[in-house]
Amino acid sequence: MTDELELTRGYVDATLAAEFPELGLVHTEVPVRPGRSPAPVRARLRGASDRFTGPKAVALRQQPIPWAYRVFFRHVGIDPDERRTPIEAIALERMRAGGFLSRNLVDDALLLATLETGVPVLAFDAAAVDGALGLRVTSGGETLGALPLAGGRVVVADSSKPLAVLFGDTAEGCAVQWSSERMVLAAVRVKGVPEVSVEEALWVAAETVSEGT
Amino acid sequence: MAEVLEGFEEHALRAVPPVAPTEVDEAAIRRLLREQVARLEGELGALFCSTYPRTGFEWNVGSRGGPRLLSLSELEELRDELAAKLQHNRRMLADRTYVEELHRCRIEEMLLEPERHKYVRVRAEDIGERGCKQWHVLPRFGLIGILMNWWRVKISSGCPLARGLRPPFRDG
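Order-wise, the sequence lines are chains A and B.
The end of the first sequence is residue 212 by numbering that gives the first Met the number 0, with every number in the run present.
The end of the second sequence is residue 171 by numbering that gives the first Met the number 0, with every number in the run present.
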């Protein structure tokens, strides 16, 4: 079990907040030792594989939280049938692979958190995060690691640089590395997603990570 | 026209205050459009579940290069495309279910009078169901059945079983 998690509300810049008043980012920092998932985590994945069946995957988009993320994807110009929402991507992978395959402790923790709550959880290397974390719109000339970013993109950023495109690529060097000792877990809240589900997602991820740390 | 205006003096006409242009609250319109998009997405989701396991439906509406803030016209386009997609898929589903209903009636007729539906075959997918089940009208006892006009509906027992050993479950 993890100790009491210190959840922090990230900033949302004024332009975004005006358009999406209920958009938010909640994050927390936890110790991590990336590596192979321990047996209890792998057992949880197997159990989840058995419980997650085809009809459940089909009905996913009618459930309130996955639906809320689909709607948000539409609102920000992403086609959720082209680039899947995280929970749908997990469901599709489950159908394709026949089960939730364990990859490593961090990925498994994010998968379990998303699967149990429907809320996508992101992870960053705490050493790469500089200052306050939040959501904002990029101005022209910014980069995501070494890649140029077009202006007007919605990104997860710290006080100095974009860390990841929202529900997209993470900047090189900002993802959790094998050498990472601490990581930042962040969950994006959109309209229609209860606050408690966002917090639960972070709890599940933190608790799973703590099992292997 | 000149007679109509005769009674008016020019200065009286000038005294009419100009109509101020209406200010459009774009944020409110965008909010409204987003609500419409959400409602359409909900209806599309429900329709998606209703169509399962049928295939051949198109759900993509096209990405707008997100994640970014969409303009008013882009939100309008998105709303219209979603509405069109919903309408198209609803019509397609209605057509399919009509054909499926005909197939169901045909199965009933086949069961009642197999000799009137010689060699007709209806598959599970023809009635909008999953699986490999099929209703096939065949002669009883082969050639004798053909000569004696003895026909029956053979209902298949389903999909063939998978052969070989089950692959081991890999969990990393």
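All residues carry an ideal CB built from backbone N, CA and C; glycine is no exception.
Asked	Found
For L69 of chain B, return the contacting residues in chain A, with the cut-off set at a CB-CB distance below 8 Å.	H74, V75, G76
Can you grab the Cα-Cα spacing for the pair L137 of chain B / C104 of chain B, in whole Å?	18 Å
If distances are taken between C-alpha atoms only, which option among B:V36, B:A93, B:E100, B:G141 comes closest to I77 of chain A?	B:V36
Return helix, strand or coil for T116 of chain A, following the three-state DSSP convention.	helix
Using three-state DSSP, classify E180 of chain A as helix, strand or coil.	coil
Using C-beta distances below 6 Å, list every residue in its chain close to V152 of chain B, excluding the 5 sequence neighbours before and after it, in chain order.	M109, L110, P113, W134, V136
Got a sec: which bits of the region 58-85 of chain B sit with their beta carbon under 9 Å from any beta carbon on chain A, in order along the chain?	W58, N59, V60, G61, S62, R63, G64, G65, P66, R67, L68, L69, E73, L74, L77, L81
Can you tell me where the beta strand (DSSP E) holding G24 of chain A begins and where it ends?	The amino acid occupying residue 24 of chain A in the given sequence is Leu; Gly does not appear at that position. Start and end: 23-30.
Whole angstroms is fine: what's the gap from I106 of chain B's alpha carbon to L92 of chain B's?	21 Å
Measuring straight from C-alpha to C-alpha, what distance separates T137 of chain A and V153 of chain A?	6 Å
Would you mind giving the Cβ-Cβ distance between D107 of chain A and V31 of chain A, rounded to the nearest angstrom? I have them listed as a contact below 8 Å.	Contact doesn't hold; Cβ gap of about 12 Å is too wide.
Any beta carbon of chain A sitting closer than 7 Å to that of E34 of chain B?	no
With a threshold of 8 Å, are at least 3 pairs of Cβ atoms found where one atom belongs to the region 121-137 of chain A and the other to the region 62-77 of chain A?	no
Is it a yes or a no for the region 141-160 of chain A touching the region 92-107 of chain A, going by three-plus beta-carbon pairs under 8 Å?	no
Please classify I154 of chain B: is it buried, with 16 or more other beta-carbons within 10 angstroms of its beta-carbon, or exposed?	exposed
Is it the case that the Cβ atoms of V105 of chain A and A186 of chain A are separated by a distance below 7 Å?	no
Give the residues from the region 34-54 of chain B that approach chain D closer than 7 Å (Cβ to any Cβ), ordered along the chain.	The displayed structure is made up of protein chains A and B, and chain D is not among them.
Starting from the C-beta of T113 of chain A, find all residues in its chain whose C-beta is less than 8 Å away, skip the five residues before and the five after it, and write them out in chain order.	P85, I86, I89, P119, V120, A200
In whole angstroms, give me the CA-to-CA distance for G171 of chain B and A204 of chain A.	Note that G171 of chain B scores 47 on pLDDT, short of 50, meaning its location in the model is unreliable; the coordinates nonetheless yield the value given after this. Taking the straight line from one Cα to the other gives about 19 Å.
So with CB distances below 8 Å, who are the chain A contacts of A26 of chain B?	A17, E18
To the nearest whole angstrom, what separates the beta carbons of V11 of chain A and L22 of chain A, a pair I think is in contact under 8 Å?	6 Å
So is S36 of chain A buried or exposed if we call it buried at 16+ other beta carbons inside 10 Å?	buried
What are the complete alpha helix (DSSP H) segments, minimum 4 residues, inside the region 25-107 of chain A?	38-50, 53-57, 63-74, 85-96
Any beta carbon of chain B sitting closer than 7 Å to that of V11 of chain A?	no
Taking only three categories from DSSP, how would you classify W149 of chain B?	coil
Do three or more CB pairs link the region 61-71 of chain A to the region 21-32 of chain B at distances below 8 Å?	no
Could you tell me which chain B residues have their CB closer than 7 Å to the CB of A58 of chain A, listed as they occur along the chain?	C48
Taking Cβ positions, are V197 of chain A and V25 of chain A nearer each other than 7 Å?	yes
How would you list, in chain order, the residues of chain B whose beta-carbon sits under 8 Å from the beta-carbon of T14 of chain A?	L68
Would the beta-carbon of A127 of chain A fall within 7 Å of that of G172 of chain A?	yes
Mind checking the region 152-176 of chain A against chain B and listing, in chain order, the residues whose C-beta falls within less than 9 Å of any C-beta there?	R152, V153, V154, V164, L165, F166, G167
Taking the DSSP output, what are the residues bridged to W186 of chain B?	Residue 186 of chain B falls outside the range modelled here, since chain B spans only 0 to 171, and no answer is possible.
Exposed or buried, A145 of chain A, counting other C-beta atoms within 10 Å across all chains shown (16 or more means buried)?	exposed
Just checking: is the beta-carbon of P193 of chain A within a distance shorter than 7 Å of some beta-carbon in chain B?	no
Using the beta-carbon of each residue, which ones in chain A are nearer than 8 Å to R162 of chain B?	Residues of chain A passing the Cβ test: none, with the nearest at roughly 17 Å.
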